[in-house]
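Here the structure comes first, spelled out in structure tokens, and everything after it is commentary.
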Amino acid sequence: MKVTTCWTLLFLAGFGVVHAQDKAPLYTVAGIPDSLKKNAHAVIREESLVFRMEDADRTREINHYVVTVLDPQGDHYGHIANWYQPGMREIRSIKGVLYDPSGQQIRKLKSSDIRDGSDVDDGTMMTDARYKSYNFDYNSYPYTVEYEVEVKNYNSFQFPRWRPQDYDWVAVQHSTFTVQLPDNYPLRYRTEHIGKPKESTPEKGMHQYDWEVSNVAAVHHEILAEAWSRRSPNVITGPGDFVMQQYKGNMNSWDNMGKFFYTLNAGRDVLPEPVLAKVHQLTDTLKDNNAKISALYNYLQQNTRYVSVQLGIGGLQTFDAGYVSKKGYGDCKALSNYMYSLLKAAGIPSCQVLIHGGNYETDFIPDFTSDQFNHVILMVPQGKDTTWLECTSQTLFPGYLGAFTSNRYCLAVNEKGGTLVHTPIYNMDSNKELRRLTVKVDETGNAVMDCFTRSTGEEQDNLHGRNHNVSQERILKILKEQYSLPSYDINSYTWTEWPGKIPAIDEHMQLTVNNYAQITGKRLFLQPNVLNRSGFRLSKDSVRTGNLQLFNAIHDSDTTVFSLPLGYTPESFPKNTDLHSVFGDYHAELQVKDNTLTYIRDYKQRNGIFPASTYLSAVEFFDGIYKADHAKVVFVKQ
Amino acid sequence: MKPPIICLLGLCAALFVTPIHAQDKKEKEKLPYRFGKVTPEDFKPKVYAIDSAADAVILADVGNTEYNGNSGLLEVMFKRYTRVHILHKAGYDAANFSIYLNKGYSNSTDDRVSDLKAVTYNLENGQVTETKLDSKSVFINKLSEDLFEEKFTLPNVKEGSIIEVTYSTHSFSESNLPGWIFQGEYPRIWTEYNVSIPEWFNFVFLRQGYYSVNESHSDRRQNFNFRYEPDGASGRTETVNMEAKVTDWRFISHNMPALRVEHYTTTLRNHVQSIEFQLGSITTPDGVTKNRMGSWSKLRERLMESEYFGATIDKNNGFLADVVNSVTAGASNNEEKARRLYTYVQKNFTCTDNERLTMDATSVKTVFNNKKGNSAELNLLLVAMLRRAGLESWPIILSTRDHGITLALYPILRRFNYTITYLQDGDNEYVMDASKPLLGFNHLPLECYNGHARLLTPDVPPVYFVADSIKEQSVTSVMAVLDKSGDISGSYQQLPGYYSSYSIREAVKTKGKEEFFKNAGKAFASDAAISETNMENLDSLDIPLTESFEFKLQGGDEDHIYLAPLWGEVQKENPFAAAERRYPVEIPYLINEIYTLNLQLPDNYEIEELPKPALVKLNDADGIFQYLVQGSGSSLQLRCVIRLNRANFKPEEYNDLREFYNYIVKKEAEQIVLKKKA
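And the structure:
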């Protein structure tokens with residue numbers, strides 16, 4: 001498969017504007033219809049993304065676009081940044097022109113001004129990925145930029161995704177997507193909010209697919225919205241047979257994709273003799289597989305840490321088990337592979353799992369096979385039970401994943417191939433925060449508080465991360481600044497952890513809060529909700545078009561007992577609140593007996609996608625919670 | 001390549017050398033560690049007295065710097081040894097190392113690393129095991145054309161590991177004698193720096209910090225054998241083979257606590273315990289003494305002659321004539337001309353890089369044609385244009401607050417990072433920064449108020465921009481009416497200080513006015529309905545703006561109405577949260593906040609209870625808090641003032657400052673109680 005004809009001809013037209021200054025300017029701001037300026041910070045005037053398979057192991061992408069930036073919030077489009085990796089993906093050229101509102105050229109990009117930078121950041125030890133970037137840095141609005149980037153991929157693994165409208169605040173006047181493949185190479189694609197492509201034969205032996213959209217208006221930004229990728233037109237494409245360096249594979253099914261990853265990483269599970277001996281020493285006397293898994297996972301956590309080194313094909317291919325045992329570190333692939341090897345040595349089969357990590361991510365497309373992954377974890381199937389292991393963590397308990405990888409599809413890989421599986425869902429009963437607070441208020445309004453909190457499941461994820469990763473001194477500092485209290489000191493803070501498939505953290509904190517109650521003359525003012533006040537409200541003033549999405553299901557339950565100075569009786573007292581909606585249930589109540597005030601709050605939030613028509617009830621529900629959480633009690637001295 | 005201004009500084013007059021005398025003649029303290037000697041005993045401590053919460057403790061960090069001719073050229077060899085006990089997972093970062101290397105003017109003068117050894121020790125079954133760093137796990141990351149980073153992490157690091165690292169760097173820039181930082185993210189039990197200086201080099205020692213460092217020195221003779229180029233890289237080469245006096249300096253300190261950033265800090269650079277060396281003069285082996293510290297006038301001369309700074313201000317600038325003439329046409333006086341030129345640069349050029357001292361381009365013309373430039377380029381362009389208009393304008397160089405202070409005593413260029421514009425018109429002086437699109441004429445960004453700066457007129461006088469000179473005054477007034485049904489409606493007006501106005505202008509530019517008022521309304525009262533939003537003087541950048549709106553707050557027909565009368569202006573939390581402070585509080589300006597409320601009451605409610613008036617002072621004259629409230633039958637008035645007359649407070653004054661704000665928070669939370677008439 002070798003195709004070279006006509007390639008350049010196709011693209012000469014693309015950057016024509018640059019060479020045709022004498023003609024009437026094409027991209028005047030006046031040429032933007034008013035309908036496209038509404039809600040928009042930028043308008044894509046013209047875009048073409050062309051992807052061509054040049055050889056079985058080589059592809060080329062040319063992206064040409066002209067964007068008018070209307071205001072500073074659209075400046076994102078004035079800037080261009082493209083990543084590359086020597087030997088895998090190379091940038092052949094970047095061209096750019098800046099135009100004024102009348103479409104006249106102001107200046108051109110000079111290739112000597114392109115910045116070339118390393119992709120190494122705080123979270124990466126080393127990578128050979130780099131980027132090239134440029135910014136016109138223009139600040140007179142509106143202005144128009146034209147860019148063209150040509151990229152050569154030395155693999156046929158990466159296929160493009162086209163989403164003409166990147167954000168809700170950009171409008172699209174015209175955008176096209178073209179894929180050219182040898183005619184014996186069918187295109188796999190999946191579309192959303194757009195139809196089938198126009199097909200043609202651009203030249204002998206090639207087949208072409210074309211999509212286009214015109215006049216897509218920007219939309220008003222909506223909060224609690226579904227992933228933008230679900231709401232705007234887009235096409236995702238993927239290879240069939242592909243070549244990646246010296247490896248060949250096929251992506252027609254999840255099964256095949258799994259086979260490729262298995263082959264790529266096969267034979268990398270050989271443990272050095274002393275580690276094998278250690279595995280036996282740790283597990284031979286244990287009868288139960290769960291105990292063996294725990295022992296080995298604990299061994300992994302005590303002896304390794306996460307260090308990211310990504311060189312060449314190393315983005316996909318793991319360092320072998322010997323490397324990890326020698327260095328005591330690795331990235332997600334290497335650590336998962338190492339854990340896989342440890343389990344294998346103990347006679348326990350497991351699968352490496354490709355997954356897209358990120359808190360509450362839900363835009364994975366299960367019905368289209370493509371590389372939608374950025375992370376690897378491990379799955380240990382045991383009959384109907386499955387143990388999930390996040391191998392980059394030195395602190396998680398075996399079997400618990402957390403919001404970073406829970407509740408989503410992922411690809412489990414073994415010698416038989418790949419299977420799409422689903423990680424555990426942590427629901428409202430798993431994700432709890434139970435708090436009991438006693439508050440002693442003295443005559444001056446100062447308060448001493450004793451706070452016990454048990455957090456479970458995803459409600460303890462952040463706590464777990466914080467308490468394990470920062471020093472005690474820093475925890476105290478964070479606590480010292482975390483609460484919206486007038487002026488306070490943390491007198492003590494201790495915590496303990498309870499392992500399990502749904503882990504729990506208990507915190508015990510003692511605080512002194514100056515002027516928690518405000519005393520003015522004979523009255524005492526006090527806010528019964530001390531630590532769990534909602535800060536969340538929705539604005540009424542918009543017409544909702546998109547569905548609402550709530551990501552986390554939680555259950556918070558607070559009991560606060562105040563003991564007040566003697567002699568006060570209630571003067572003003574909020575009513576009990578009960579709110580019920582599809583989003584959840586809320587209850588707050590107050591009881592007074594002598595000088596004791598008891599406040600009970602119970603909040604359950606459901607997750608899921610709710611139709612746009614529920615928006616007003618969401619406004620009302622969250623408003624109701626906000627108000628109830630901020631209610632005050634007034635006491636008066638007799 | 002960055003403009004090589006630093007190496008051009010030499011050649012002249014005055015010497016700034018601080019003589020230092022030995023402070024202890026006792027037996028030299030000996031480092032209790034040797035590379036490779038780690039015993040099971042060493043793993044015993046699980047916590048260290050210096051900081052029981054530390055995730056890693058640096059047991060020793062020792063640097064040695066000497067001059068030698070080992071490689072044929074005279075080089076500065078810096079050798080480091082460090083031993084760290086990693087106690088918790090959160091301290092794993094202490095096992096990551098980066099060594100920064102500069103490119104020299106030729107391959108043989110590039111900085112390089114040698115003798116890198118790094119070992120992790122773990123205690124396994126009572127035995128100490130070693131894992132060595134292998135050379136393949138040392139990565140070289142190119143950061144820019146002239147700066148590389150050699151980075152590595154130690155293998156096999158676990159909780160309880162001890163790590164040791166030693167390496168040497170070789171640099172061929174004789175004037176760059178590495179300094180030493182005694183403090184950092186992790187506490188240090190032993191931190192020591194030894195530096196051996198041949199008699200040819202006369203360095204000024206710049207020390208800072210709040211802890212004691214023991215210093216001592218002694219002399220010895222050393223033989224040197226190297227080639228050097230007395231006339232620079234392209235000139236003749238001479239060989240030196242001679243004995244010289246060398247002074248061995250030792251700086252040592254123990255139990256240095258970790259250093260963490262707190263609120264109201266310019267930069268930790270000003271506070272970290274450290275020593276730096278600045279070359280004062282060189283006596284070359286052939287006996288000629290050359291001043292290398294230079295003087296302010298030499299520094300100025302070099303800058304003004306550099307093509308990356310002053311050289312193009314007056315050169316080949318004929319192209320500016322047309323635009324300067326058209327911009328200033330019809331201007332009635334010099335100030336008017338300057339204002340117009342300032343605005344012209346501000347509006348027509350984009351700043352691509354903040355906080356720069358020098359230009360990347362080699363001429364003002366390039367900047368002009370590109371319509372963009374870094375902060376120095378835009379200011380130097382403005383200087384050039386002002387001069388073209390016949391005005392007397394010069395650059396001022398300074399260091400921004402986050403970059404650390406500059407010293408009036410020493411002309412050290414690397415301590416400067418910013419260039420602004422100065423104009424003199426008869427007795428009137430003006431300062432401006434053309435790189436900030438929303439800043440007014442004759443205003444500077446807060447970041448510039450960092451003390452000593454230098455005006456580059458021929459006599460290079462020091463000028464001072466101090467936080468104490470900025471009076472940030474905000475005046476807020478609320479006029480409101482409570483009606484019979486308990487609803488409150490009224491108007492809110494605020495005249496914020498100049499720098500608050502600047503922030504508001506920035507917020508409006510990036511998010512829009514609508515979004516600004518949405519947030520302003522929420523800040524005023526979470527359930528306020530606001531309307532008639534208005535902003536005056538938004539585009540009059542020289543003066544503060546005014547924001548105002550009308551508001552409505554729903555009440556209820558209650559027996560009692562409780563009002564927290566400061567609405568959006570209430571100080572809800574103490575900004576000085578930390579219980580103690582180890583270095584000064586540096587507030588960027590003086591504070592003067594004035595709030596007044598005038599509330600009309602309906603005839604069916606009466607005042608039942610008012611907070612008591614109060615007047616509190618901070619150390620007599622440093623600050624004042626005033627709370628006045630009075631009510632008559634149908635109205636009540638409140639006036640509340642917070643004033644701080646100083647911007648900087650010493651650690652020992654911290655507690656008073658914190659108490660002052662505690663009181664304010666308490667007082668401002670008090671409520672007014674109204675009662676329905678019977």
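Chains as they are written, first to last, in full-length UniProt numbering: chain A, 1 to 638; chain B, 1 to 678.
Even glycine gets a Cβ: it sits at the ideal position worked out from N, Cα and C.
Remember, it's a predicted structure, so these values are computed and weren't measured experimentally.
Contact check, residue i vs residue j under 8 Å by CB: the rounded distance?
i               : j               : result
G184 of chain B : S274 of chain B : In fact, because the Cβ distance is near 10 Å, the residues do not count as touching under 8 Å.
Y603 of chain A : L548 of chain A : With 8 Å as the limit, Y603 of chain A and L548 of chain A do not qualify as a contact, their Cβ atoms being about 18 Å apart.
V272 of chain B : I181 of chain B : 6 Å
H564 of chain A : Q605 of chain A : A quick correction: the sequence has Leu, not His, at residue 564 of chain A. Actually they are not in contact, since the Cβ atoms of L564 of chain A and Q605 of chain A sit about 32 Å apart, beyond 8 Å.
K666 of chain B : N491 of chain A : Not confirmed; about 20 Å, so no contact.
W211 of chain A : T263 of chain A : Not really, about 33 Å apart at Cβ, beyond 8 Å.
Using the DSSP secondary-structure output, state which residues sit across from residue i in a beta bridge.
i               : result
K677 of chain B : DSSP, once it has assigned bridges, lists no residue as partnering K677 of chain B.
G490 of chain B : B:A480, B:F551
G512 of chain B : BP columns for G512 of chain B are empty, so no partner.
F152 of chain B : B:F97
K132 of chain A : A:N82, A:D116
I672 of chain B : B:L563
L278 of chain B : First, the residue type needs correcting, since residue 278 of chain B is Gln and not Leu in the sequence shown. According to DSSP, Q278 of chain B bridges with B:V204.
M432 of chain B : B:T421
E507 of chain A : A:T453, A:W495
Is it the case that the Cβ atoms of residue i and residue j are separated by a distance below 8 Å?
i               : j               : result
C351 of chain A : N414 of chain A : yes
G123 of chain A : R188 of chain A : no
I420 of chain B : N379 of chain B : yes
T304 of chain A : Y338 of chain A : yes
K675 of chain B : E608 of chain B : yes
L180 of chain A : Q208 of chain A : Looking at the sequence shown, residue 180 of chain A is not Leu but Gln. Closer than 8 Å, so yes.
Y121 of chain B : I162 of chain B : yes
I594 of chain B : V475 of chain B : yes
E550 of chain B : E536 of chain B : no
N82 of chain A  : V149 of chain A : yes
F203 of chain B : Q278 of chain B : yes
L74 of chain B  : F201 of chain B : no
K365 of chain B : T352 of chain B : no
R454 of chain A : A403 of chain A : no
G567 of chain A : K637 of chain A : yes
I457 of chain A : Y426 of chain A : Reading the sequence as shown, one finds Gly at residue 457 of chain A and not Ile. Yes, the pair counts as a contact, with Cβ atoms nearer than the cut-off.
Quick check for students: name the residue ranges of the beta strand (DSSP E) that lie wholly in the segment 154 to 217 of chain A, counting only runs of 3 or more.
170 to 182, 188 to 192, 198 to 200, 206 to 216
For the UniProt domain "Transglutaminase-like" (280 to 358) of chain A, list the beta strand (DSSP E) runs that are entirely contained and at least 3 residues long, ordered along the chain.
351 to 355
So within the segment 23 to 54 of chain A, which uninterrupted alpha helix (DSSP H) runs reach at least 4 residues, ignoring any that extend past its ends?
34 to 37
The segment 212 to 228 of chain B contacting the segment 143 to 152 of chain B, beta-carbon criterion three pairs below 8 Å:
no
Say whether the segment 77 to 85 of chain B touches the segment 152 to 172 of chain B, bearing in mind that this needs 3 or more beta-carbon pairs closer than 8 Å, one atom from each stretch.
yes
Quick check: the segment 210 to 229 of chain A against the segment 80 to 97 of chain A, are there 3 or more CB pairs under 8 Å?
no
Given 8 Å as the limit, is there contact between the segment 153 to 168 of chain A and the segment 130 to 141 of chain A, that is, 3 or more CB pairs closer than that?
no
May I ask you to verify whether the segment 357 to 368 of chain A touches the segment 220 to 232 of chain A, counting CB pairs closer than 8 Å and requiring at least 3?
yes
Under 8 Å, with one C-beta from each stretch per pair, do the segment 241 to 254 of chain A and the segment 195 to 207 of chain A reach the 3-pair mark?
no
Inside the segment 71 to 128 of chain B only - beta strand (DSSP E) runs reaching at least 3 residues
75 to 86, 96 to 102, 112 to 124
Say whether the segment 248 to 255 of chain B touches the segment 446 to 460 of chain B, bearing in mind that this needs 3 or more beta-carbon pairs closer than 8 Å, one atom from each stretch.
no
Specify whether the segment 537 to 549 of chain B and the segment 626 to 646 of chain B touch according to this definition: at least 3 beta carbon pairs, one from each stretch, less than 8 Å apart.
no
Contained beta strand (DSSP E) runs [length at least 3] in the segment 137 to 193 of chain B, N- to C-terminal order
139 to 144, 147 to 153, 162 to 171
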